[in-house]
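Worksheet: the structure to be examined is printed underneath.
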Amino acid sequence: MAGHSGLGYYLRRVLRVSLETGTMAHLLHRVTGLLIVVYLFLHIGAMSYTYFDAGSGFDDLMATFASTPFLIVDLVLFAGVMIHGLNGLRIMLFDMGYFSRRQKELFWVMMAIAATSVLIATWLVGAAHGWW
Amino acid sequence: MKKHDVIIVGGGLAGLRAAWKVSEVADTAVVSKLHPLRSHTGAAQGGIAASLGNETPDSWEEHMFDTVKGSDYLGDQNAIETLVKEAPKTIYDLEHLGVAFSRTEEGKIAQRPFGGHQKPRSCYAADWTGHTLLHTVYEQCIPKTIAFYDEWFALSLAVRDGVCRGIVALDIRTGEVEAFHSKAVILATGGYGRAFKITSNALANTGDGLGMALRAGLPLEDMEFVQFHPTGLYRQGILLTEGARGEGGYLVNGDGDRFMRNYAPEKMELAPRDVISRAEQTEIDQGRGGEGKDFVYLDLRHLGEAKINEKLPQLRDLARSFVGVDPVKDLVPIQPTAHYSMGGIPTTVTGQVISDEKNAPVTGLFAAGECACISVHGANRLGTNSLLDAALFGHKAAVATIEYLNEADFHPFPEEVMIEGVTRVKWVREANGRESAPKLRHELQETMTQKCGVFRDREKLEECLAKVKELQKRFDDIGIGDRSKSFNTEVTEALETQNMLDFSEIIVYGAMQREECRGAHWRVDHPGRDDENWLKHTIAFQKEDGIELRYKDVVITRYPPKERGY
Amino acid sequence: MGGGELQQTVHIHASKRSFWLWFLQRVSSVGLIVVLLFHMIVLHYVDPSAEITLADTHVRLQSFLFIIVDSLLLGFGLFHGLNGVRNVAYDYFPKPGTRKAISSILLIVGVVVFVWGAFVLVNLVLAG
Amino acid sequence: MITALTLQELDVENVVLRGVIDLVVFRIFRFDPARNDAPTFQTYDLPDTAGMTILDALIHIKENMDSTLSFRRSCRSAICGSCAICANGKNLLACNTQVNDLKKVRITLEPLPGFPMMRDLVVDWEPFFDQYRSVKPYMVARSTPPEKERIQDQKTRKAYDEAAQCIMCSACTSSCPVVWTDGNYLGPAALTKAWRFVADDRDEITRERLAMVNNEEGVWRCHTIFRCTDSCPKKIDTAGSIESLRKKIIWHQLTGRI
Chain A
9 MAGHSGLGYY LRRVLRVSLE TGTMAHLLHR VTGLLIVVYL FLHIGAMSYT YFDAGSGFDD
69 LMATFASTPF LIVDLVLFAG VMIHGLNGLR IMLFDMGYFS RRQKELFWVM MAIAATSVLI
129 ATWLVGAAHG WW
Chain B
5 MKKHDVIIVG GGLAGLRAAW KVSEVADTAV VSKLHPLRSH TGAAQGGIAA SLGNETPDSW
65 EEHMFDTVKG SDYLGDQNAI ETLVKEAPKT IYDLEHLGVA FSRTEEGKIA QRPFGGHQKP
125 RSCYAADWTG HTLLHTVYEQ CIPKTIAFYD EWFALSLAVR DGVCRGIVAL DIRTGEVEAF
185 HSKAVILATG GYGRAFKITS NALANTGDGL GMALRAGLPL EDMEFVQFHP TGLYRQGILL
245 TEGARGEGGY LVNGDGDRFM RNYAPEKMEL APRDVISRAE QTEIDQGRGG EGKDFVYLDL
305 RHLGEAKINE KLPQLRDLAR SFVGVDPVKD LVPIQPTAHY SMGGIPTTVT GQVISDEKNA
365 PVTGLFAAGE CACISVHGAN RLGTNSLLDA ALFGHKAAVA TIEYLNEADF HPFPEEVMIE
425 GVTRVKWVRE ANGRESAPKL RHELQETMTQ KCGVFRDREK LEECLAKVKE LQKRFDDIGI
485 GDRSKSFNTE VTEALETQNM LDFSEIIVYG AMQREECRGA HWRVDHPGRD DENWLKHTIA
545 FQKEDGIELR YKDVVITRYP PKERGY
Chain C
53 MGGGELQQTV HIHASKRSFW LWFLQRVSSV GLIVVLLFHM IVLHYVDPSA EITLADTHVR
113 LQSFLFIIVD SLLLGFGLFH GLNGVRNVAY DYFPKPGTRK AISSILLIVG VVVFVWGAFV
173 LVNLVLAG
Chain D
1028 MITALTLQEL DVENVVLRGV IDLVVFRIFR FDPARNDAPT FQTYDLPDTA GMTILDALIH
1088 IKENMDSTLS FRRSCRSAIC GSCAICANGK NLLACNTQVN DLKKVRITLE PLPGFPMMRD
1148 LVVDWEPFFD QYRSVKPYMV ARSTPPEKER IQDQKTRKAY DEAAQCIMCS ACTSSCPVVW
1208 TDGNYLGPAA LTKAWRFVAD DRDEITRERL AMVNNEEGVW RCHTIFRCTD SCPKKIDTAG
1268 SIESLRKKII WHQLTGRI
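Residue numbers (our numbering), protein chains in the order written: chain A, 9 to 140; chain B, 5 to 570; chain C, 53 to 180; chain D, 1028 to 1285.
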């Protein structure tokens, strides 16, 4: 058995308790946040295309992004943004002194809102691209 | 060898108050087998007494009378006078240190009624008064220069030629024994409720200071007076504060009767603890316990949820987690529980330890708190007077120590005490006899509760004494399974058991000799108080050939003994 | 001997920077909610089937509002994201030296990407 | 009925039993620095745990099955804070937790995470108390006090009521994932202590106190994960205390007032 400290110890322990509401919210917030940062860089990269190729290259790229696999990625990203944003709102409510005794309920309320909006977005995107 | 001007043994309220004061002028060390914040002071719930008169007009004379009467006239009245006169100042000092007292509407310290007190004079912080006192005083010790030896188990006092030169202690963490050389020692090791099976006391309350005193050849005073608290949680003995009755709780028996009207018609549930404990025990013995068993009920339902949550939150938690009942809607099963030791190491009013019935001082040795017998509680302590005792006399012992330090110096440390300590620990750690120390302890506790409890008689006490002596012998043949030096609690528990076996003999022997009923000591075979023969303190010595009892007069100044009715 | 709290050396290292970073993290998050909502509604929701083209983008960026929104998005996003990364990293790398290195790298990345992003934006505006 | 044998056959970690629990297997963390071995888990089967607290079970094991088992305990009434341990991943007080309330037939007991190990279930609390001492956990009032008590209204008294009930058992600090990786973080116990004195109007160094926790390892390191509040045996909202401190600091930083 490894020591009582260090990153490995942390991971084992935090994964073990990751189903507790507060910890789950925290870990989700972290993971979605990091994902969005990665996307942000990709996004800026994609926009740079307009500088390097002022012709139809950008439009082609955009058209690629409108294909189904990328749309699914988009929806995942949207879900990440909703989870991160709504949980961020939840955290700010605590910061303002509200609901700290109801943090678990608040988390599930936020996640319900996130889930609903992702479902609606999926329906809209699907409808626009002829998925159904 | 460690060297400090003053060694304080015990990190509860008395010890910390002493440390806080002494550290102003001297190099001070606190040696405690627990981290000080773990001390049992923290478990005191109901309050700390002082005649502040914040709720109704009050005076120290009334407080004194109540205390004297509560003590069944065995308390030394000069000491009691000091206690009650300096009580308000003590409370204000504590408040200035930051104690989180509950407040009245005008913002003053709130006070509530308590058993045996005629006026509401218990200053409280909900039902965690001891906790806030302990934490506040410990915290105020942090900025002082005090050396804390946390989790060091004190083994023996180095007393030679009537002078105390320090102590020997075991470092629980490493298993090493060390000598602590000092100019003065203040003992504040707390009580010994653990000698009984049903007790409100912590597992750590094993009277180690008393064992140390006995081994140093010092006597103990009034050990037969053990207070049984009326509201111990059934089977666990865990304390439910008397504040519950102060706030208006009832005691009812199995038939649903408020039985106190038969025992103390005037004061009812607010009679002193000894009176109520005996009433409960009588109800139980006569078959009127709850479900016909050995408990009665505490009824708080009429107080309502809001009041219980505000004034008695801890009580509600305890009842819920330990017996699964909610005081808001259920009756709480309770029984008398060994709670407080009125007796202890005899001291003068200043905290100076004395070595005989003629008040001969032990130079450089002081004691305060529950381990000491000053004696302000006499034969029965009133609720809320113990925190006051610890806070006030801890401080006074420090003042006396400071005075002593003016002319004191280090006396040579007796090597043999150190050698004896090392040998004793080694013997226990390597013991491989057939007896089990926990089993001996259980037998002791069972015997003490059965035969030296609320009601006593000669026959039971004789059996008890024989049993204690048998257990002492059997202790020589104990076996220990844990040979490790690091945090070996099996060894420390065995050492504690040894201490308990030592002083328990004195409790039983003193109780056997005292043929009267006084306060917490109730002899069924000798009804009534006998002022003619027994208005005196027991001073017990442990000698080679057995226990020797001597007696000391009670100091009576203002209130001559009269009948005690409630 | 004598006590007194003066003898105790408690290091008071109040750090205004950590306060401001924390505070701006909240401010930027509120900002992001606003501009991101705007950004996404206009680009994706008004007409989910519309394809984004360079020409549209040029037209869009002739509006001052869009210039502001897009630059705020870039600034808030970079700050919030990179400061978030810093927060995460600080948890797992408590050594002051490592933290300083992480902070510096993130700061440089942030500035460089912001400058580059702004350059691209300006280019788009001018090209329109 | 579940017996030791069927348990082994099932090898279930977390069986939730709705009925009577006939046997509970305790997996207890064992470590003795003197022996220089790696820590191990040792199992003890207790047949009847009805009405038993975890502390009762530990004492039972120590007195009847394995006297070498070491753990801290004292008051056994949830006020001294000695017996905080980690049971099935959650920090709690052994003394006020009924074994059967965990509704598990297999209970893993470990020392509090995040602190150095000392022996079996005993941890070294020195780092924890260092953090506590570093926030000046004592009231500082330099002005001369009145002859009697200071007057304090009930509302102010209520503001620090919860925080003042902290028993320093360290369950909160030890449960915080940030503490597990960042040993310098003050942690919820020390921060709650800071709040206790900030909220008390008798204390006169509020500005200094706010400064003490206004740093990278103070209130800003908290990510409101709420494991601290969840694990507090005295039901103190420690995360809420940290938030209260933050609000004070924000107000102070933005307006210069307190």
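All C-beta atoms, glycine included, are put in the ideal place defined by N, C-alpha and C.
The structure displayed is predicted, hence computed values, not measured ones.
Where residue i falls: helix, strand or coil (DSSP)
i          : result
VAL174(C)  : helix
GLN290(B)  : coil
GLY111(B)  : coil
ALA188(B)  : strand
VAL1240(D) : helix
GLU434(B)  : helix
TRP168(C)  : helix
ASP131(B)  : coil
PRO350(B)  : strand
THR31(A)   : helix
VAL1042(D) : Its pLDDT being 44, under 50, VAL1042(D) is placed unreliably in this model, and the value from its coordinates should be taken loosely. If DSSP states are grouped into helix, strand and coil, VAL1042(D) belongs with coil.
PHE507(B)  : helix
VAL528(B)  : coil
PRO77(A)   : helix
TYR267(B)  : coil
CYS1255(D) : helix
LEU89(C)   : helix
Which residues DSSP lists as bridging residue i, in chain order
i          : result
LEU73(C)   : Bridge partners of LEU73(C): none, in fact.
LEU1073(D) : VAL1051(D)
SER126(B)  : ALA53(B), ARG116(B)
TYR142(B)  : Paired residue(s): none; TYR142(B) is not in a bridge.
MET118(A)  : Answer by DSSP bridge pairing: none, since MET118(A) is not bridged.
ALA376(B)  : ILE349(B)
TYR153(B)  : VAL35(B)
ALA402(B)  : Looking at the DSSP assignment, ALA402(B) forms no beta bridge with any residue, so it has no partner.
THR493(B)  : None, per the DSSP bridge assignment.
ASP303(B)  : TYR254(B)
THR1135(D) : ARG1054(D)
Chain-ordered chain D contacts of residue i [CB-CB under 9 Å]
i        : result
SER80(C) : Per Cβ cutoff of 9 Å: no residues; SER80(C) is ~15 Å from chain D at best.
Contact test: residue i Cβ vs the ligand MG heavy atom, cutoff 6 Å
i         : result
LEU386(B) : The ligand MG is not among the ligands present in this structure, which contains no ligands whatsoever.
Residue j beta carbon less than 7 Å from that of residue i
i          : j          : result
ALA268(B)  : TYR570(B)  : yes
VAL117(A)  : PRO1204(D) : no
GLY102(B)  : ASP70(B)   : no
THR582(B)  : ALA342(B)  : Only positions 5 to 570 of chain B appear in the structure, and residue 582(B) is not among them; the question remains open.
GLY523(B)  : THR542(B)  : no
ALA1217(D) : ARG1236(D) : no
ILE1088(D) : LEU1096(D) : yes
ASP131(B)  : GLN49(B)   : yes
Interface partners of residue i on chain A, CB under 7 Å
i          : result
GLY133(C)  : ILE44, VAL45, LEU48
ILE104(C)  : MET70
PHE1253(D) : GLY30, GLN111
Interface residues of chain A facing residue i [CB-CB closer than 8 Å]
i         : result
VAL165(C) : PHE49, ILE52
Within chain B, partners of residue i - CB distance below 7 Å
i          : result
ALA1061(D) : SER488, LYS489, SER490
Chain-ordered chain C contacts of residue i [CB-CB under 7 Å]
i          : result
GLN1158(D) : Within 7 Å Cβ-Cβ: nothing; GLN1158(D) doesn't reach chain C, min ~11 Å.
ALA122(A)  : Those do not exist, as ALA122(A) stays about 13 Å from chain C at its closest Cβ, beyond 7 Å.
Proximal residues of chain D, C-beta to C-beta of residue i below 7 Å
i         : result
ILE113(B) : GLU1176
ILE99(A)  : THR1251
Per-residue contacts from residue i into chain C (C-beta, under 8 Å)
i        : result
LEU15(A) : TYR144
Which complete alpha helix (DSSP H) runs does the region 106-131 of chain C hold, if anything under 4 residues is left out?
List check, alpha helix (DSSP H) in window: 106-112.
At 3 residues or longer, what runs of the beta strand (DSSP E) sit wholly inside the region 156-183 of chain B?
Those beta strand (DSSP E) runs which fall completely within the region 156-183 of chain B and span 3+ residues are 156-164, 167-175.
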